[in-house]
Amino acid sequence: MSSKQAGKSIVVFVVAFMVTSSLLVVINGGGDQGPVFDDPVAGTLQNYTASKTGLPTDGDYYFLKFGDLNGDGYDDLVAGAGQYQGTKDAAGIWAYTWKPSSSSWEKNSTGLPTTGYFAGLDLGDVDDDGDLDIVVGGEGWAASSIKGCRVYVNNGTSGGKIDWDEETGPETNWYYDQVALADINADGDLDIVAGTKGNGIRVWIGDSSFGWTAKNTGLPTSGEYTGIAVADMNKDGDLDILATDYSSGGPEVRLYTGDGTGSWTSRASSFATGNSVSYGVAAGDVDKDGDMDIVYSKGRGIVCLLGNSGGGTGTSFTWTAANTNLPTSGQRSQMALADLDNDGDLDIVSGNVGGGIEVYLGNGGAGTGQSWTKKTFDLPTSSKYYGCAVGDFNKDGVKDIGGAMWEDGGSAGGIYAWEGSIMADYDPTADAAWDGTATNETTSWLGDAVKLNGTKSSDPQDAPTGDPDGDILTYDWSFTVVPATSAITDASLSPGDSSAMPSFTTDKVGVYRLSLAVQDSAGNWSAEVFAKLEVSKTNVPPVADAGPDQVVVVDDVVYLNSSASYDSDGVILAWQWNVSDGNPTTVTLTDATLPLAYFVAPDTVGEYLFELLVRDDNTTWSEMDTIMVNVTLPDNVAPVAVAPNNFVTTVLEVASLNGSGSYDSDGNIVAWDWNCTSHPSLPMIAADTMEASFTPPLAVQYTFTLTVQDDRGAWSPEDSVTVTVQAADVNVPPVAEIGGAAVRVAYVGDDVTLDGSPSRDDDGTIVEYLWNCTSHPTLSFTGQNSTTVEFRPGEPGDFIFTLAVLDDNGSWSVAEDSVTIQVSLPSDNSPPVAQIDGPTDKVRPGDSVALDGSRSSDRDGAIVVFNWSCISHPTLNFTGQNTSFIQFTVETTGDYTFNLKVQDNLDAWSVEPAYWVLSVKVNVPPVAAITGPSAGLPGRNYTLSAETSSDEDGEVVAWKWNCTSHTEVDINGTESETMIFNTTVADTYVFALVVQDDEDAWSSVTEWTLEINPVDQYPMADAGPDMQVRIGISIELNGDDSYDPEGEIVTWRWRCTSHPNVP
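Residue numbers (the numbering used here): 429 to 1491.
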């Protein structure tokens, strides 16, 4: 082509994720190939200063990239030569490393090509060795001698020099406009996305061993694409491709969404038709809404499109132009997005073909609120800069810029770098004081007007020596503490809370605390400081009044009331009640710091002294006032004398009078007085004790009275008993007597025992005890026809029991004895107790199981709610919820844990639930085991036993024996635990045993080997029948009929015993 203006620009800047204020847009989506920035420096972006020592100042260059090539932590530069070389032929690829010691650049291109022109370039660790490698595309406008997509690997630094080698790339026949590296399929290896000259967009999946697999489904296979960016544009976790189209009449930028496997879907229809060819493209979250946005360059300026991540489906993309103050004419080329001024907003850096290097600072606004501000700094404003990049080559936390210039149309060409600088911002320092003092704490009187002074606040830039007139800094005063009931607010400050020296008038006694923060002209706020004011008043101490002395009864709740206390010039804010020393016993006060305190009158009677102090709103305590509380006993209730029932006795026999049924409801009986009113002169024994006696001399009726005295000196009314005395030969009826007081108290749920053992028969024995509850005839109790009965009352009320006794002569007691149990509810309800009963036998899958909670109990009421749950199997279906009995079927093995909670009729729940663990297991087959001899001889009886066979979850109930080696062997007890057999034949015998458990499961076979060894018997020699022969004839002797009963004959020996010398 004849000129650069008519030629194409090939620009790639790729983002994979949202960017923040401290990061450049991530290049190529690989995550490790872009420049790495130190922590950003806070402040105002000041300028860019050239730093080009060691870089070429002529030659034609298209693209450049920053990255740490040698691993020293400083960003280095790689640039590709362009097609229009002038006075200097700069063909090839050029790498320059930054030397921090001399603040200069050093060429480091050993092994890189020195011929050919390259239109696309990216950096990344292609071979996973920790070093940045180079991927480039051969440029087609000048018909580069090096075609294809090439890979040059970084083999590390030796002696300060990097060794570059070319490795296998995806292909070597096409020309390219741009290449980018990204991990498309998220396998940890970098892949290549390329825009070609005429062959569309191509993707190759890499494997770190330089194997490349094409993945182009859905991508165009023709056309020229000058810019490539890779980013997750719809937030589905898969990388997508942005491409700028070097043609006019269609969309200027195109989007292809990926599925992570290398298949792509065009979203070009979401873009409007353009009017210009386009060049570079970058992606980032410009408006900070969480959605990726697009910035691209074209032949008529720069365009910013705000995206929506494809809507809710990730496929419905809409784009909003945000181009305020962006150029609308002039060719821009390679571009980058980065937060140059560290304000949290992305900014644009672009090469201007004919206008130098341009910077547009973004404001991070949403929608139409997004705008851009062009900043020139000391960057070039002329010459044809095609390439640009952002890095931090001097590691100062400020982003630097690189530029690549064409050597064409008057431009000198070359590679350039500029260091960014930031003027650090410093926060102002607030100083809060009280006017007329040098301190931030002071005191005043109620009603005084007080003034604050913040003019000593300072700022290093705006007010280094302070703000004496209060017009340099911005002030913000605020009350953080005011006294209770005070009406003071920030609005009370005059002339306002933004004044350097505001004032206010105090309206309440107490502490006032204000904060002050100041702001400088750069918008920076100081930390807060504080001023404190303590306001008092001329004070009259308050007067404590503990109230009049009181007389109370034991167990009364006694209130101590300070309501008569007062403060003549304010209010009382604090109270303190104290128990004086020397009281009859210890007393604990409740609410001792409140106007109304109280305590429970102790059992120890006497005078108790209490003290009161009060404090007013001026922190002044009163003098002490005291109150005397006289704790007394309640009015005495006279005791009740209870003489025994009328009875019959025998003349001249000792008869007992028992007054143990007497009682005193509010104390103890300490004295008894028996009198015989019918025969006053009758001698009595122990007439002043609970049990008196006498010996009747006559068969007549005797009348006795009993009076008792309590521990407070009160005597009871008389009670009487008539004793009928009869002759000795007449049966005396027995006497029914219930031990203990005739009237007693108990609580609902108590276990009550009644004792009839004091009953007697003076002339025989008692053979029957008849108890009745006359007040509650259906009451269930235990012990009928015994001396003792027990019951548990389930409700309050009077429970009246009677006792009659029968003697061995068939006579019943003359009168029944009775006792009254006064049952009331306890002051505190006793919670019920849950209990579960369940199966103790083995449980198998499929069994129906029942759990019983009927033994749950409530000592002072009734259980009304049963709450069952299976905490191990929450979805288990069972019947009987809210009853005492549940039933269910277990389908699987495992431990089923149930708990039961119960609630009584007073709404109290059991403190602890009851638990039941049901272990459901499949039957474990039994194990057969044999004991017995392992060797023997023929002809004997042998016993084998299965008694050591076992069943871990049951018992062995059946046995089966057989001899597997000799089926003809006769076994005695083939189905018994013990078997016996006998054999006369020596051999190896193998016996098998299986056993069966109580659930019909058979064991596997176990075997026992018994060796029956032979008895060593002599062989039997047979020389044959006797013979008669003639002299001189040869004779044959035959011993073939000899034999061995348990083996074979192996040796024969003949001897002539009559003629030993015969040969």
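Here a beta-carbon is modelled for each residue, glycine too, at the ideal position from N, C-alpha and C.
Item                                                                                                           : Value
One or two residues paired with F1075 in a DSSP bridge                                                         : V1151
For R728, the residue or residues it bridges with in DSSP                                                      : G758
E1435 versus N1390, Y490 and F745, residue with shortest Cα-Cα distance                                        : N1390
C-alpha gap between I521 and F546, whole angstroms                                                             : 8 Å
Sequence-distant residues of the same chain with beta carbon closer than 8 Å to G742, five excluded per side   : N662, K663, D664 and T685
Span separating the alpha-carbon of A657 from that of W905                                                     : 51 Å
Ranges of the beta strand (DSSP E) found wholly within the region 757 to 840, counting only runs of at least 3 : 760 to 766, 775 to 780, 784 to 790, 800 to 803, 813 to 819 and 828 to 833
A519 - DSSP class collapsed to helix/strand/coil                                                               : coil
Inter-residue Cα distance where the pair is F1419 and T1437                                                    : 6 Å
G1325 (DSSP reduced to helix, strand or coil)                                                                  : The sequence shown places Thr at residue 1325, not Gly. Of the three classes helix, strand and coil, the one that applies to T1325 here is strand, per DSSP.
Residue closest to S1359, alpha-carbon to alpha-carbon, out of V1136, L1372 and P1353                          : Note that residue 1359 corresponds to Thr in the displayed sequence, not to Ser. The shortest Cα separation from T1359 among V1136, L1372 and P1353 belongs to L1372.
Between the CA atoms of T1016 and A1243 - distance to the nearest angstrom                                     : 52 Å
V979: first and last residue of the uninterrupted beta strand (DSSP E) it sits in                              : Q978 to V981
Option nearest E1218 by Cα separation, candidates P1254, Y502 and A1174                                        : A1174
Cβ distance (whole Å) where F932 is taken to contact N868 below 8 Å                                            : Not a contact, Cβ separation roughly 16 Å.
Residues bridged to K535 [DSSP beta-bridge criterion]                                                          : Y524
Runs of beta strand (DSSP E) wholly within the region 1027 to 1069 (minimum 3 residues, chain order)           : 1034 to 1044 and 1053 to 1060
Cα-Cα separation between P1224 and D1116, rounded to whole angstroms                                           : 37 Å
Rounded separation between E1427 and E1380 - CA only                                                           : 12 Å
Reference G783, options G793, A794, W800 and T804, closest by Cα                                               : T804
Inter-residue Cα distance where the pair is I1314 and L1304                                                    : 12 Å
Span of the beta strand (DSSP E) around P598                                                                   : K589 to E599
Candidates S1285, T1268 and R1287: closest to A1278 by CA position                                             : T1268
Alpha-carbon spacing of N1410 relative to E1396, whole angstroms                                               : 12 Å
Contact belief for I1494 with G690 at Cβ below 8 Å, rounded distance in angstroms                              : For residue 1494 there is no data in the structure shown, the boundaries of the chain being 429 and 1491.
Beta-carbon proximity check, V971 vs V980, cutoff 7 Å                                                          : no
Residues near T596 by beta carbon distance below 6 Å, same chain, minus five either side                       : F638
Same chain only: Cβ atoms within 6 Å of I900, ignoring 5 sequence neighbours per side                          : D890 and A891
Cβ-based burial, Q1456 [other Cβ within 10 Å; buried from 16]                                                  : exposed
Meets three-Cβ-pair contact criterion under 8 Å: the region 1017 to 1024 and the region 940 to 949             : no
First and last residue of the uninterrupted beta strand (DSSP E) at N1305                                      : Taken as a continuous stretch (DSSP letters only), N1305 belongs to no beta strand (DSSP E), as it is neither H nor E.
Among E1119, W1100, I1166 and E1375, nearest to V1082 - alpha-carbon criterion                                 : E1119
Secondary structure of G740, DSSP reduced to three states                                                      : helix
Cα-Cα separation, T917 to D859                                                                                 : 21 Å
Backbone CA spacing between D935 and S990 [nearest angstrom]                                                   : 28 Å
Validate contact between the region 869 to 889 and the region 947 to 962 using beta carbons, cut 8 Å, 3 pairs  : yes
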